[in-house]
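Report on one structure; see the data block that follows.
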Amino acid sequence: MLVVMNHDATDAQIEAVTAQIEAMGYSARPMPGKQRTTVGVVGNDGRVDEGRLQGMPGVRELIAVTRPYKQVSREWCADDTVVRLSNGTEIGGVELAIMAGPCAVEGEAEILEIAHQLRAMGATILRGGAFKPRSSPYSFQGLGVEGLIMLARARDETGMAIVTEALDPEGLDLVAEYADVIQIGARNMQNYPLLRRAGRSGKPILLKRGMAATITELLLAAEYILAEGNPNVILCERGVRSFDSHTRNLLDLTAIPVVQSLSHLPIIADPSHGTGVRAKVIPMARAAVAAGAHGLMIEVHQDPPNALSDGVQSLYPEQFAELMGQIGVIAEAIGRDLVRPLPGPVVSGT
Ligand code: PEP
Ligand code: MN
């Protein structure tokens, strides 16, 4: 339920509506807009006693939010959400945000080297897992907190923002100390305690679509994070399971315009996990930009054949540079632009 205030509603009237909503046992989310303030009623299941709000001074109308996900929906907020990172990168606006890096942080020298290369090629967000959700318990599980410290060092040297995954609620608080954006992976998209903790972290969250999740389930997972008071959620299409074995997953590009019609949250694409095949990453990255994605997440490794995880889908740095040149042209053709490369000199070389 949304309570739309008159354009000349006073602060006192808005406060009175907020107090009334809380007295009815719900939470109120005032949202000042360009024309007028709207107050969201959170925690209701559609049975709000409208009579108690309808006639209040300053109230223009009440609007029922019909989608099962409320705060995530376009009905709740017509304007696109733009997530702003401290290094100036914006996700969800006209610019295209580029996150790139290895699947896993493998060592300090390696992550610093690739970070410097990627920054020089125009990426402004460095990815790399310190805690890895591997299908096999015998595969490399990540460097843990040491990996987080290495990522922080890479941020200090390059000015890139850091996105890295949290696997469980307790671990999320640790990741939040280092990351600029906390990733919740496909395998954890419906880990509700983790989503709730992410909602209380105060950090932007990159929420990846589960490998068998519908778009509605993805949006409901995001709702858990917003319901805890965190509006900074970036959705990520990373491919779903299919019957065809030519690729690891089926990158669902229709999810991009579908999500954009249903939700105000930004959505990026991950063609690395979405295809699982190096030769398919560049074509699908180009297609995702053309489809209107707000950004890309791309795995890049300086020595993919010897990578500790996901080497078969990791681009060589030269391929990433080629991709950056191509997507700049596509972005421009659809009225978008690449996020500007980070200004200023690199702090120190490797
Ligand atoms: C990853 O980003 O390395 C990853 C594990 O992604 P996903 O959760 O999409 O499989
Ligand atoms: Mn990976």
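So the sequence shown is residues 2 to 351, counted in my numbering.
Heads up, the beta-carbon is just placed ideally off N, CA and C, and yes, glycines get one too.
All figures in this text were calculated on a predicted structure; none of them were measured in a lab.
- Take the alpha-carbon of T19 and the one of E51: they are about 14 Å apart.
- E107 and G143 have their C-alpha atoms some 7 Å from each other.
- Inter-segment contact for the stretch 88-106 and the stretch 275-282 is absent: fewer than three beta-carbon pairs are separated by less than 8 Å.
- Under the 10 Å beta carbon count, T217 is surrounded by fewer than 16 other beta carbons and is classified as exposed.
- Annotated as proximal: A332 and V290, with beta-carbon spacing under 7 Å.
- Pairing A288 with L254 gives a Cβ-Cβ distance under 7 Å.
- For the pair of segments examined, the stretch 195-209 was found to touch the stretch 162-175: the number of CB pairs separated by less than 8 Å reaches three.
- Excluding its 5 nearest sequence neighbours in each direction, G59 has C-beta neighbours in its own chain below 6 Å: M6, N7, A10 and Q14, listed in chain order.
- Secondary structure at L63: strand, using DSSP grouped into helix, strand and coil.
- Placement of the Cβ of H274 at a distance of less than 6 Å from at least one heavy atom of the ligand PEP is found.
- Taking 6 Å as the cut-off, one finds no heavy atom of the ligand PEP near enough to the beta carbon of A308.
- Residue pairing by DSSP puts C237 in a beta bridge opposite K209 and I269.
- By the Cβ neighbour-count rule, Q261 is buried, with 16 or more other Cβ atoms within 10 Å of its own.
- Judged by beta-carbon spacing, F141 lies within the 7 Å limit of S310, meaning their Cβ atoms are closer than that value.
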